[in-house]
Amino acid sequence: MQYCFFSRLSLPIFALFCGCFFATSTFGAEVEPAVPLKPAELVHIGKFAITNSMLVTWIVAAGIIVFAQLATREIKAIPSGAQNFWEWLVESLYNFLESIIGRELVRKTFWFFATIFIFILFVNWFGLIPGVGTIGWGHHDASGVFHVDRPLLRGGNADLNMTTAMAAIFFLLWIIWAIQANGVGGFLLHIFGPKGETSGFLKVIMVVIFFMVGWLEVVSILFRPISLSFRLFGNIYAGESILEAMSTMVPALSWLIPIPFYFMEVLVGVVQALVFMLLTAVFTLLIAKHEPGHEPQH
Amino acid sequence: MNVMIAATSAGFTDMLRDTAETFGWNPWLFLSQVISFAIVAFLLRRFAYKPILAVLEDRRRRIEEGLLNAEKIKKELAEAQKRYAEILAEANADAQKMIDEARESSAHLAERKQQEAIGAAEQIIAKAREAAALEHERTMESMKRELGRLVVETTAKVTGKVLTSEDQRRLQEEALRQLA
Chain E
0 MQYCFFSRLS LPIFALFCGC FFATSTFGAE VEPAVPLKPA ELVHIGKFAI TNSMLVTWIV
60 AAGIIVFAQL ATREIKAIPS GAQNFWEWLV ESLYNFLESI IGRELVRKTF WFFATIFIFI
120 LFVNWFGLIP GVGTIGWGHH DASGVFHVDR PLLRGGNADL NMTTAMAAIF FLLWIIWAIQ
180 ANGVGGFLLH IFGPKGETSG FLKVIMVVIF FMVGWLEVVS ILFRPISLSF RLFGNIYAGE
240 SILEAMSTMV PALSWLIPIP FYFMEVLVGV VQALVFMLLT AVFTLLIAKH EPGHEPQH
Chain D
0 MNVMIAATSA GFTDMLRDTA ETFGWNPWLF LSQVISFAIV AFLLRRFAYK PILAVLEDRR
60 RRIEEGLLNA EKIKKELAEA QKRYAEILAE ANADAQKMID EARESSAHLA ERKQQEAIGA
120 AEQIIAKARE AAALEHERTM ESMKRELGRL VVETTAKVTG KVLTSEDQRR LQEEALRQLA
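Those sequence lines, one after another, are chains E and D. Using numbering that gives the first Met the number 0, the first residue of the first sequence is number 0, and each one after it goes up by one. Using numbering that gives the first Met the number 0, the first residue of the second sequence is number 0, and each one after it goes up by one.
Encoded structure:
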């Protein structure tokens with residue numbers, strides 16, 4: 000059990016530190032990345048800003064809402080067309096999540112996991128549309144080639160602020176759902192309480208061990224939002240960088256070489272949406288399920 | 000020790016700041032995205048999932064109700080079939096009883112009617128015999144009278160004499176005696 004916690008904990012920490020080291024050392028040497036790491040700010044409202052990645056998330060959300068509204072405008076008993084597709088998507092997702100986290104939990108949390116999956120998926124795919132990242136404000140260089148400095152649109156998940164925002168909201172909801180399921184005492188017992196059936200002196204030892212392991216669990220829990228956000232950001236940003244690199248590698252074949260990578264990125268878009276949703280769902284399941292002896296304390 | 004911890008802490012903070020700066024993460028952009036995503040999630044929940052989830056929930060409820068109704072109807076059908084079989088068995092038993100009673104009753108009736116018919120036939124036969132005997136007697140009487148008259152007439156014609164009443168009576172008695 001202890002090994003499991005160490006292993007679980009060490010991986011994201013190692014990945015984070017490697018990533019930080021790589022990023023700071025590489026970009027510290029002033030190598031300008033082909034795709035900027037930072038989103039471009041389009042409008043300022045006080046200290047808040049509307050960025051090009053945020054604009055993409057709004058466009059995608061508006062698209063999803065409009066499609067859903069059109070699909071459910073005239074509900075038919077025997078669905079067809081858009082209603083059929085929307086029903087299929089939502090119902091498949093619902094049943095899939097129900098098979099993983101159970102009937103009760105899915106009723107409460109479906110809206111969030113569905114948003115995570117559908118929203119991340121379409122934001123990822125939207126980032127593959129030609130023009131995203133290449134239309135905007137820029138300058139002409141000495142040879143007369145136009146370079147975009149401030150793209151109008153940017154892949155939503157290629158912005159670390161966006162992925163950390165989603166992870167932070169999940170973290171907040173996770174705490175709420177955990178307390179709703181276990182109560183405050185049950186929540187703490189879930190993390191620090193001894194597992195398994197022991198008695199006598201062995202029980203005392205187990206209490207001490209699980210209390211210490213609980214702190215490792217706390218660190219592991221605190222790192223979840225970081226690993227979730229960096230994983231999604233890293234994969235999508237890497238995909239955009241690959242596409243950019245493939246497009247500029249041989250200018251004469253810039254229309255051909257990226258095509259296989261587009262297909263790969265379509266797949267990556269699905270996989271990353273699925274991974275984010277599954278991890279958040281499983282984290283929720285792990286804290287919301289009641290172990291024997293750890294009854295909810297409402 | 001404290002200096003080491005402070006140095007490590009400062010180094011870690013610097014590293015975090017550098018990392019955040021490198022990746023374009025800043026608290027205000029992060030907060031903007033939190034607000035933006037919260038609004039997007041709320042809008043999606045309200046306008047994208049709620050209508051279709053309501054439809055799916057309604058359909059699921061209808062299917063459950065349909066299945067429950069089907070189960071109920073199945074039970075009722077089974078009970079009705081059982082009741083029907085019981086009623087049929089009861090009716091069969093009643094009918095069989097009635098048939099047996101009718102058969103028994105008809106046998107008695109037939110026996111009685113047969114006896115009555117036999118009695119009536121015997122009466123008819125007796126009456127017929129009686130009538131035949133009377134007719135025979137009447138015929139014999141008539142024949143005797145005719146025979147006496149013929150004997151008298153024949154005797155008168157053969158002998159050529161006029162027979163007296165006494166002769167006629169004597170001849171007739173003689174003829175009847177011989178005939179008997």
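C-beta: ideal position from N, C-alpha, C; glycine also. It should be emphasised that the depicted structure is a prediction, and the values quoted were computed from it without experimental measurement.
Below 7 angstroms on C-beta distance, what does residue i contact in chain D?
| i | result |
| --- | --- |
| ASN123(E) | Within chain D, no residue comes near ASN123(E); the closest Cβ sits about 15 angstroms away, beyond 7 angstroms. |
| TRP110(E) | ARG44 and TYR48 |
| LYS46(E) | TRP27 |
| ALA60(E) | VAL39, LEU42 and LEU43 |
| THR283(E) | Chain D residues near THR283(E): none, gap ~15 angstroms exceeds 7 angstroms. |
| ALA113(E) | TYR48 |
Comparing C-alpha positions only, which one of the options sits nearest to residue i?
| i | options | result |
| --- | --- | --- |
| LEU149(D) | LEU15(D), LYS73(D) and GLU173(D) | GLU173(D) |
| THR283(E) | VAL249(E), TRP254(E) and PHE170(E) | PHE170(E) |
| TRP176(E) | VAL281(E), ILE49(E), LEU215(E) and PRO32(E) | VAL281(E) |
| MET276(E) | VAL265(E), MET205(E) and ARG230(E) | ARG230(E) |
| ILE38(D) | ILE235(E), ALA164(E) and GLU86(E) | ALA164(E) |
| LEU41(E) | LEU151(E), LYS202(E), LEU188(E) and TYR261(E) | LEU151(E) |
| MET263(E) | LEU242(E), ILE168(E) and LEU188(E) | LEU242(E) |
| LYS37(E) | PHE222(E), THR71(E), SER79(E) and GLY233(E) | GLY233(E) |
| ASP148(E) | VAL270(E), PRO32(E), VAL267(E) and VAL269(E) | PRO32(E) |
| ILE134(E) | ILE178(E), LYS202(E), ASN51(E) and GLU103(E) | ASN51(E) |
| ALA179(D) | GLU136(D), MET14(D), LEU67(D) and PHE22(D) | GLU136(D) |
| PHE47(E) | LEU66(D), GLU64(D) and ASN25(D) | ASN25(D) |
| LEU104(E) | HIS139(E), ILE44(E) and LEU172(E) | LEU172(E) |
Cβ closer than 8 angstroms: which chain D residues qualify as neighbours of residue i?
| i | result |
| --- | --- |
| THR279(E) | What THR279(E) touches in chain D: nothing, since even the nearest Cβ is about 13 angstroms away. |
| ILE63(E) | LEU43 and ALA47 |
| PRO38(E) | GLY23 and LEU28 |
| THR197(E) | The premise fails here: THR197(E) is roughly 37 angstroms from chain D at the closest Cβ pair, so nothing lies under 8 angstroms. |
| LEU133(E) | Checking the sequence shown, residue 133(E) turns out to be Thr, not Leu. Those within 8 angstroms of THR133(E) in chain D number zero; the least Cβ separation is about 19 angstroms. |
Residue i versus chain E: which residues are under 7 angstroms apart at the beta carbon?
| i | result |
| --- | --- |
| VAL32(D) | Inspection of the sequence shows that residue 32(D) is occupied by Gln rather than by Val. Under the 7 angstroms cutoff, chain E gives MET53, ASN160, MET161 and ALA164. |
| GLU51(D) | Before going on, a small fix: residue 51(D) reads as Ile here, not Glu. The contacting residues are ALA67, THR71, TRP85, GLU86 and VAL89. |
Pop quiz: residue i and residue j are said to be a contact at Cβ under 8 angstroms. What is the actual Cβ separation, rounded to whole angstroms?
| i | j | result |
| --- | --- | --- |
| ILE286(E) | ALA141(E) | In fact, because the Cβ distance is near 58 angstroms, the residues do not count as touching under 8 angstroms. |
| ILE119(E) | ALA237(E) | So it is not a contact: roughly 16 angstroms between Cβ atoms. |
| VAL89(E) | LEU52(D) | 7 angstroms |
| SER240(E) | VAL34(E) | 5 angstroms |
| PHE145(E) | GLY137(E) | 6 angstroms |
| PHE36(D) | ILE168(E) | 6 angstroms |
| VAL157(D) | GLN167(D) | Rounded, the Cβ-Cβ distance is 14 angstroms, inconsistent with contact. |
| ALA39(E) | ARG153(E) | 7 angstroms |
| ALA81(E) | LEU69(E) | 6 angstroms |
| PHE186(E) | GLY213(E) | That pair is no contact at about 11 angstroms. |
| TRP85(E) | THR71(E) | 7 angstroms |
| GLY337(E) | VAL122(E) | Any answer about residue 337(E) is impossible in this case: the structure gives chain E only from 0 up to 297. |
| ALA166(E) | PRO224(E) | 4 angstroms |
| ILE77(E) | VAL54(D) | About 12 angstroms; that fails the 8 angstroms criterion. |
Residues of chain D with a CB under 9 angstroms from the CB of residue i: which are they?
| i | result |
| --- | --- |
| PHE118(E) | PHE36, VAL39, ALA40 and LEU43 |
| THR56(E) | GLN32, SER35, PHE36 and VAL39 |
What in chain E is Cβ-close to residue i, meaning under 8 angstroms?
| i | result |
| --- | --- |
| LEU66(D) | Per Cβ cutoff of 8 angstroms: no residues; LEU66(D) is ~17 angstroms from chain E at best. |
At 9 angstroms on the CB atoms, spell out the chain E contacts of residue i, in chain order.
| i | result |
| --- | --- |
| LEU55(D) | GLU86, VAL89, GLU90 and TYR93 |
Stretch pair the stretch 193 to 212 of chain E + the stretch 149 to 159 of chain E: three plus CB contacts closer than 8 angstroms: no
Members of the stretch 8 to 28 of chain D near chain E, C-beta cut-off 7 angstroms: MET14, ASP17, THR18, THR21, PHE22, GLY23, TRP24, TRP27 and LEU28
Contact list for the stretch 158 to 176 of chain E against chain D, Cβ threshold 8 angstroms: ASP158, LEU159, ASN160, MET161, THR163, ALA164, MET165, ALA167 and ILE168
Segment contact flag, the stretch 60 to 78 of chain E with the stretch 36 to 46 of chain D, C-beta cutoff 8 angstroms, min 3 pairs: yes
The stretch 41 to 56 of chain E / the stretch 115 to 128 of chain E touching (three or more Cβ pairs under 8 angstroms): yes
Cβ-based contacts, 7 angstroms cut-off: residues of the stretch 66 to 92 of chain E near chain D: ALA67, GLN68, THR71, ILE74, TRP85, GLU86, VAL89 and GLU90
Three-pair Cβ contact test at 8 angstroms for the stretch 101 to 113 of chain E versus the stretch 16 to 30 of chain D: no
Cβ pair count under 8 angstroms reaching 3, the stretch 267 to 281 of chain E against the stretch 86 to 101 of chain E: yes
Cβ contact check for the stretch 237 to 248 of chain E and the stretch 256 to 265 of chain E: 3 or more pairs under 8 angstroms: yes
The stretch 135 to 153 of chain D / the stretch 164 to 171 of chain D touching (three or more Cβ pairs under 8 angstroms): yes
Residues from the stretch 235 to 262 of chain E in contact with chain D, defined by Cβ distance under 7 angstroms: none
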